[in-house]
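Step one of this worksheet: look at the structure below.
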Amino acid sequence: MHGARRRRTGPQSEAMDGRKRSVTMANATVVEAMFYCMTMRMKIDCNGCYKKIRRALLQMQELDSHFIDKQQGKVCVNGQFIPQDVAIKIGKRTNRRVEILEIKEVDVDNQGRPL
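For the sequence shown, position 78 matches number 78 in the UniProt record's numbering, and the numbering has no gaps at all.
The following block contains the structure:
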């Protein structure tokens, strides 16, 4: 059949429980996301810039919450994600330079909520 695709199943389809897992498949390493609190610096000049950043953050499913400080130009995000990937996504979606200031790993309980 032309165009038929099989869905791969395997270690990457396991449920995330807040712990980091590393699975090596062929030549690639898959790292599951942990719960992080990340602070970034971005240039926020006007309300349009603020809205553009906010819209980009709201579209990202992996983020649980965010905080934008206009005066200091800081953006804080919380959730289960890979920090570098989120910073790259935000930079591409907003067409802005993103500088990661701090990344904190947060402990979670059995249900995946931060302590």
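For glycine and all other residues, C-beta sits at the position ideal for the given N, C-alpha and C.
In this text, all values refer to a predicted model and were calculated from it rather than measured experimentally.
Residue range of the alpha helix (DSSP H) that includes G91: Looking up residue 91 in the sequence shown gives position 91. Element bounds for G91: 83-94.
Anticipated Cβ contact below 8 angstroms, R96 with K51, distance rounded: Translated into the one-based positions of the sequence shown, residue 96 becomes position 96. Translated into the one-based positions of the sequence shown, residue 51 becomes position 51. Not confirmed; about 13 angstroms, so no contact.
Cross-strand partners of residue 116 (DSSP beta bridge): Absent from the model: residue 116. The displayed extent of the chain is 1 to 115, so no value can be given.
Under the three-state DSSP convention, the category R97 falls into: Here the question's residue 97 lines up with position 97 in the sequence shown. The answer is coil: DSSP assigns R97 none of H, G, I, E or B.
Backbone CA spacing between S65 and A87 [nearest angstrom]: Translated into the one-based positions of the sequence shown, residue 65 becomes position 65. Translated into the one-based positions of the sequence shown, residue 87 becomes position 87. Cα to Cα, the separation comes out at about 15 angstroms.
Chain-order list of residues whose beta-carbon lies under 8 angstroms from that of E99 (same chain, five-residue window excluded): As a first step, residue 99 is located in the sequence shown; it is residue number 99 there, counting from the start. M40, R41, M42, listed in sequence order.
Assigned secondary structure, I53 (DSSP; H/G/I helix, E/B strand, else coil): In the sequence shown, the residue the question calls residue 53 occupies position 53. Looking at I53 - three-state DSSP - the assignment turns out to be helix.
Those residues which DSSP pairs with M40 across a bridge: Sequence index remark: in the sequence shown, residue 40 carries index 40 (1-based). Answer is V75, I100, bridged to M40.
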